[in-house]
Amino acid sequence: MASGPPPTSAVPVARTGSCLCRAVKYEVTGEPVTIRVCHCGNCKKATGAAFMTNGFFKESQVRILAGEDMLKFYADPGTASGTPLNRYFCGNCGSNVFLRSQIKVLNGKKNDLHIVALGTLDEVAEWKPNTEIFKEQKTHFVTGIEVQTRNPKL
Ligand SMILES: [Zn+2]
Ligand SMILES: [Zn+2]
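Sequential numbering of the sequence shown, starting at 3, is according to the working numbering.
(1) Looking only at DSSP bridge pairs, what is residue 73 linked to?
(2) Quick one: complete beta strand (DSSP E) runs, 3+ long, within the stretch 92 to 151?
(3) Identify every residue that forms a DSSP beta bridge with residue 16.
(4) For residue 23, name the three-state secondary structure that DSSP assigns.
(5) Can you list, in chain order, the residues of its chain with a C-beta nearer than 7 Å to that of residue 55? Leave out the 5 residues immediately preceding and following it.
(6) From which residue to which residue does the beta strand (DSSP E) around residue 49 run?
(7) Beta-carbon distances below 5 Å to any heavy atom of ligand 2 define the shell here; list its residues in chain order, please.
(8) Just checking residue 97 against ligand 1 - is the residue's beta carbon closer than 7 Å to any of the ligand's heavy atoms?
(9) Is residue 26 near ligand 1, judged by its Cβ being under 7 Å from some heavy atom?
(10) What separation, rounded to the nearest whole angstrom, lies between the Cα atoms of residue 12 and residue 95?
Okay, structure coming up:
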């Protein structure tokens with residue numbers, strides 16, 4: 003049997019992220035299940051930005067390396083999707099870092115999606131968003147977002 007190192011493309015890449023004050027540090031391994039640019043009003047309020055870029059990962063892909071005790075969350079009851087969402091932020095600097103749906107079961111399976119605010123990645127990833135959501139709330143000057151469609155199941 004010939005053996006050797008697996009092709010580099012098969013090795014999941016680990017990427018790190020952190021909040022603004024670097025108290026909260028995390029690592030995501032591998033590719034996101036999907037990336038959604040969210041134009042909803044609540045994401046704008048939560049971040050103060052024109053939109054959020056949310057990376058959906060499996061729980062097993064996300065590891066908190068530091069500052070888990072610094073994370074606070076706001077249980078957002080009035081989301082545009084109607085699904086209550088916990089918005090996790092650093093209690094020191096206020097950066098929005100993670101989002102978790104309060105829905106525990108999704109399509110008959112345990113909902114283990116862990117959403118990462120991709121603006122908190124330490125280095126820009128080559129990923130492109132897969133979809134834009136709540137476009138009707140899009141800020142007028144936000145144009146030309148390059149979307150790469152994939153994972154039609156999500
Ligand atoms: Zn912080
Ligand atoms: Zn949103």
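Even glycine gets a Cβ: it sits at the ideal position worked out from N, Cα and C. On a predicted model such as this, the values are computed, not experimentally measured, just so you know.
Judging by the given coordinates:
(1) In the DSSP assignment, residue 73 forms a beta bridge with 92.
(2) As summarised for the stretch 92 to 151, the continuous beta strand (DSSP E) elements at least 3 residues long and confined to that stretch are 98 to 103, 115 to 119, 133 to 135, given in chain order.
(3) Answer by DSSP bridge pairing, in chain order: 31.
(4) Assignment of residue 23 by DSSP, reduced to helix, strand and coil, places it in the coil class.
(5) Taking residue 55 as the centre and dropping the five residues before and after it, the same chain places the C-beta of 37, 39, 120, 121, 131 closer than 7 Å to its C-beta, in chain order.
(6) Annotation: residue 49 is outside any beta strand (DSSP E); the continuous alpha helix (DSSP H) that includes it extends over 43 to 49.
(7) Checking every Cβ against the heavy atoms of ligand 2 under 5 Å gives 40, 42, 45.
(8) Yes, the Cβ of residue 97 comes within 7 Å of a heavy atom of ligand 1.
(9) Indeed, a heavy atom of ligand 1 lies less than 7 Å from the Cβ.
(10) Approximately 36 Å between the Cα atoms of the pair.
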